[in-house]
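Engineer: Please find one structure pasted underneath; my questions will follow.
If you want it as structure tokens, here you go:
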């Protein structure tokens with residue numbers, strides 16, 4: 579049977595004690611052991627008594643398991659099930675689990691009282707952590723989204739692959755797979771954590787005058803990025819101009835995947851796609867499922883990483899910062915490929 583020594587790193591204190599035990603078994607006197615190891619005579623005497631009474635493995639530290647948990651294993655499993663169902667299903671007004679709310683649940687369900695600090699330890703012991711929830715629309719059709727990902731998407735992927743482009747799309751003889759999306763950038767910074775002196779929270783000074791840039795982007799499976807930036811809201815006209823630019827920039831046929839935004843369904847875009855059907859084949863993601871679009875992950879990285887804590891003073895500086903961030907992103911082909919593979923489309927094996 580493996581001992582604790584097989585699974586846990588031996589501490590320096592245990593190493594010193596083991597050397598002392600080895601010397602005692604070799605017949606070295608306590609006075610000599612004190613001189614060699616730099617310990618007190620009392621420590622040498624205690625080691626000798628411990629070796630006699632507990633045996634040769636007594637040099638290891640003794641386990642101190644602590645107090646017996648108040649919640650049994652069955653109770654902890656039940657607590658996890660309650661938490662996973664959500665706070666509203668338990669009767670709270672919002673889907674928010676706080677330490678106080680969890681303490682109330684434990685007291686009500688198991689008649690066990692914990693202070694708030696210990697509730698944190700209980701939750702950590704259950705493998706739970708504080709996280710920011712993902713927002714999802716009530717209008718989502720989960721069954722259709724699952725069917726689209728598991729059945730329709732593999733057919734589209736196979737169709738694009740069998741067109742002659744192989745694993746790397748957008749070669750000269752094949753068709754490309756392009757993901758398209760729109761987004762915006764405000765002069766109000768995307769705040770993320772940064773290093774600063776302890777106890778001194780840094781300040782981001784930005785203009786209170788709201789300014790915004792809109793941009794439309796596309797990403798290909800071989801990590802090519804395309805952007806168009808506008809100082810106003812994007813309409814169907816801008817979408818058509820962008821699609822025309824893609825046709826000129828990308829050789830061969832293009833399989834285009836885009837969401838169900840109203841500007842993608844307007845008459846201008848429909849007419850352009852109809853007139854370009856010989857080169858551009860368009861397909862739509864399921865409604866209210868932005869997490870499927872790989873371009874969402876690219877744009878999220880652009881705004882939350884490349885432009886994190888960015889505080890432009892005016893529209894000109896905002897445009898310059900955005901274009902520089904886009905230029906940096908375009909050079910990071912491996913990063914873009916990892917972001918694309920983060921989409922649920924590529925999590926499952928195609």
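In the numbering used here, the protein residues as written are 579 to 928. Using N, Cα and C, we set each Cβ at its ideal position, and we do this for glycine too.
#1: Could you work out which residue in 811, 861, 820 is closest to residue 796 when comparing CA atoms only?
#2: Quick one: what's residue 784 bridged to in DSSP?
#3: Between which two residues does the alpha helix (DSSP H) holding residue 849 run?
#4: For the region 595 to 611 against the region 619 to 639, are there 3 or more C-beta pairs whose distance is under 8 angstroms?
#5: Tell me the rounded alpha-carbon separation between residue 582 and residue 606.
#6: Look up residue 808 in the DSSP assignment and give the residues it is bridged to.
#7: How is the beta strand (DSSP E) around residue 832 delimited, first residue to last?
#8: Could you give the residue range of the beta strand (DSSP E) that holds residue 930?
#9: State the Cα-Cα distance for the pair residue 678 and residue 601, rounded to the nearest angstrom.
#10: Ends of the alpha helix (DSSP H) at residue 918?
#11: Specify whether the region 843 to 857 and the region 702 to 712 touch according to this definition: at least 3 beta carbon pairs, one from each stretch, less than 8 angstroms apart.
#12: So, is residue 647 buried or exposed, given that buried needs 16 or more other C-beta atoms within 10 angstroms?
#13: Near residue 725, which residues of its chain fall below 6 angstroms by C-beta distance, leaving aside the five closest residues on each side in sequence?
#14: Does the beta-carbon of residue 890 have 16 or more other beta-carbons within 10 angstroms, so that it is buried, or is it exposed?
#15: Considering only residues of the region 678 to 744, which uninterrupted alpha helix (DSSP H) runs meet the minimum length of 4 residues and lie entirely inside it, listed in chain order?
#16: Can you name, in chain order, every residue of its own chain whose Cβ lies under 8 angstroms from the Cβ of residue 745, other than the five neighbours on each side?
#17: Do the CB positions of residue 658 and residue 680 come within less than 9 angstroms of each other?
#18: Would residue 727 pass as a contact of residue 923 if the rule is Cβ separation under 9 angstroms?
#19: Work out the CA separation of residue 736 and residue 666 for me, nearest whole Å.
#20: From which residue to which residue does the alpha helix (DSSP H) around residue 828 run?
#21: Tell me the rounded alpha-carbon separation between residue 749 and residue 909.
#22: Give me the Cβ distance between residue 870 and residue 921, rounded to the nearest whole Å; I'm assuming they're in contact under 8 angstroms.
#23: Please confirm whether residue 778 and residue 794 have their CB atoms less than 9 angstroms apart.
#24: When the Cα atoms are used, what is the spatial distance from residue 674 to residue 722?
#25: Is residue 697 near residue 684, with beta carbons less than 9 angstroms apart?
#26: Between which two residues does the alpha helix (DSSP H) containing residue 873 stretch?
#27: Measure the C-alpha to C-alpha separation of residue 841 and residue 817 and round it to an integer number of angstroms.
#28: What is the residue span of the alpha helix (DSSP H) that residue 624 lies within?
#29: Can you give the Cα-Cα distance for residue 880 and residue 814, rounded to whole angstroms?
#30: Based on the DSSP output, what are the partners of residue 803 in its beta bridges?
#31: Counting contacts by CB-CB distance shorter than 9 angstroms, is residue 659 in contact with chain C?
#32: Where does residue 919 land, buried or exposed, given buried means 16+ other C-beta within 10 angstroms?
#33: Check residue 886 in the structure and name its three-state DSSP category.
#34: Measure the Cβ-Cβ separation of residue 803 and residue 904 and say whether it is below 9 angstroms.
#35: Give the C-beta separation of residue 704 and residue 651 to the nearest angstrom, bearing in mind that I take them to be a contact with Cβ-Cβ under 8 angstroms.
#36: Determine the direct distance from the alpha carbon of residue 620 to that of residue 645, and round the result to whole angstroms.
Structural biologist: Reading it off the structure:
#1: As a first step, residue 796 is located in the chain shown; it is residue number 218 there, counting from the start. The shortest C-alpha to C-alpha distance from residue 796 to any of 811, 861, 820 is the one to 820.
#2: Along the chain shown, one-based indexing puts residue 784 at 206. DSSP lists no partner for residue 784.
#3: To locate residue 849, count along the chain shown from 1; it is residue 271. It spans 845 to 853 - the alpha helix (DSSP H) in which residue 849 sits, taken as one unbroken run.
#4: As far as the Cβ criterion goes, the region 595 to 611 touches the region 619 to 639, which means the pair count is three or higher.
#5: The residue labelled residue 582 in the question sits at position 4 within the chain shown. The residue labelled residue 606 in the question sits at position 28 within the chain shown. Here residue 582 scores only 47 on pLDDT, less than 50, and its place in the model should not be relied on; the value that follows carries that caveat. Roughly 28 angstroms separates the two Cα atoms.
#6: Against the chain shown, residue 808 aligns to sequence position 230. Residue 808 pairs with 792.
#7: Here residue 832 corresponds to residue number 254 of the chain shown, with the count starting at 1. That run of the beta strand (DSSP E) goes 831 to 836.
#8: A question about residue 930 goes unanswered here, because the residues of the chain that appear run from 579 up to 928.
#9: Numbered from its first residue, the chain shown carries residue 678 at position 100. Numbered from its first residue, the chain shown carries residue 601 at position 23. Their Cα atoms are separated by approximately 55 angstroms.
#10: Locating residue 918 in the chain shown gives position 340, counting from the first residue. Annotation: the continuous alpha helix (DSSP H) that includes residue 918 extends over 911 to 919.
#11: When C-beta atoms of the region 843 to 857 are compared with those of the region 702 to 712, fewer than three pairs fall below 8 angstroms, so the two segments do not count as touching.
#12: Here residue 647 corresponds to residue number 69 of the chain shown, with the count starting at 1. Here residue 647 is exposed: its Cβ has fewer than 16 other Cβ atoms, across all protein chains shown, within 10 Å.
#13: Stepping through the chain shown from its first residue, residue 725 is reached at position 147. Cβ within range, chain order: n/a, list empty.
#14: Reading the chain shown from its first residue, position 312 is the one you call residue 890. Burial call: buried.
#15: Whole alpha helix (DSSP H) segments, 4+ residues: 694 to 703, 720 to 725, 731 to 738.
#16: Taking the chain shown and counting its residues from 1, the one referred to as residue 745 is at position 167. Below a pLDDT of 50, predicted positions are generally treated as unreliable, and residue 745, at 28, falls in that range; no measurement from the model is reported.
#17: Taking the first residue of the chain shown as 1, we reach residue 658 at position 80. Taking the first residue of the chain shown as 1, we reach residue 680 at position 102. Their beta carbons are not under 9 angstroms apart, which means residue 658 does not touch residue 680 by this criterion.
#18: For the purposes of this step, residue 727 is taken as the residue at position 149 of the chain shown. For the purposes of this step, residue 923 is taken as the residue at position 345 of the chain shown. The answer is yes: Cβ separation under 9 angstroms.
#19: For this step, residue 666 is matched to residue 88 along the chain shown. For this step, residue 736 is matched to residue 158 along the chain shown. Rounded to the nearest whole angstrom, the CA to CA distance from residue 666 to residue 736 is 43 angstroms.
#20: For this step, residue 828 is matched to residue 250 along the chain shown. DSSP places residue 828 outside any alpha helix (DSSP H), giving it a letter other than H or E.
#21: For this step, residue 749 is matched to residue 171 along the chain shown. For this step, residue 909 is matched to residue 331 along the chain shown. Caution applies to residue 749, whose pLDDT of 29 falls short of 50 and renders its modelled position unreliable; the value that the coordinates give is listed next. Rounded to the nearest whole angstrom, the C-alpha separation of residue 749 and residue 909 is 19 angstroms.
#22: Position 292 of the chain shown, counted from the start, is the residue given in the question as residue 870. Position 343 of the chain shown, counted from the start, is the residue given in the question as residue 921. Between residue 921 and residue 870 the Cβ distance is about 6 angstroms, and since that is below 8 angstroms, they are a contact.
#23: Sequence index remark: in the chain shown, residue 778 carries index 200 (1-based). Sequence index remark: in the chain shown, residue 794 carries index 216 (1-based). No.
#24: In the chain shown, residue 674 corresponds to position 96, counting from 1. In the chain shown, residue 722 corresponds to position 144, counting from 1. Approximately 28 angstroms between the Cα atoms of the pair.
#25: Taking the first residue of the chain shown as position 1, residue 697 is located at position 119. Taking the first residue of the chain shown as position 1, residue 684 is located at position 106. Yes. Within cutoff.
#26: Taking the first residue of the chain shown as position 1, residue 873 is located at position 295. Start and end: 872 to 879.
#27: Sequence index remark: in the chain shown, residue 841 carries index 263 (1-based). Sequence index remark: in the chain shown, residue 817 carries index 239 (1-based). Approximately 8 angstroms, taken between the alpha carbons.
#28: The sequence position of residue 624 within the chain shown is 46, counting from 1. Looking at the DSSP string, the run of the alpha helix (DSSP H) that includes residue 624 is 619 to 632.
#29: Along the chain shown, one-based indexing puts residue 880 at 302. Along the chain shown, one-based indexing puts residue 814 at 236. Taking the straight line joining both Cα atoms gives about 24 angstroms.
#30: If you number the chain shown from 1, residue 803 lands on position 225. 797.
#31: The structure shown has no chain C; it contains just one protein chain.
#32: To locate residue 919, count along the chain shown from 1; it is residue 341. Residue 919 should be labelled exposed.
#33: For the purposes of this step, residue 886 is identified with residue 308 of the chain shown, where counting begins at 1. When DSSP states are grouped into helix, strand and coil, residue 886 belongs to the strand group.
#34: Here residue 803 refers to the residue found at position 225 of the chain shown. Here residue 904 refers to the residue found at position 326 of the chain shown. In this structure, residue 803 sits near residue 904, with a CB-CB distance shorter than 9 angstroms.
#35: Numbered from its first residue, the chain shown carries residue 704 at position 126. Numbered from its first residue, the chain shown carries residue 651 at position 73. With 8 angstroms as the limit, residue 704 and residue 651 do not qualify as a contact, their Cβ atoms being about 11 angstroms apart.
#36: The residue labelled residue 645 in the question sits at position 67 within the chain shown. The residue labelled residue 620 in the question sits at position 42 within the chain shown. Taking the straight line from one Cα to the other gives about 31 angstroms.
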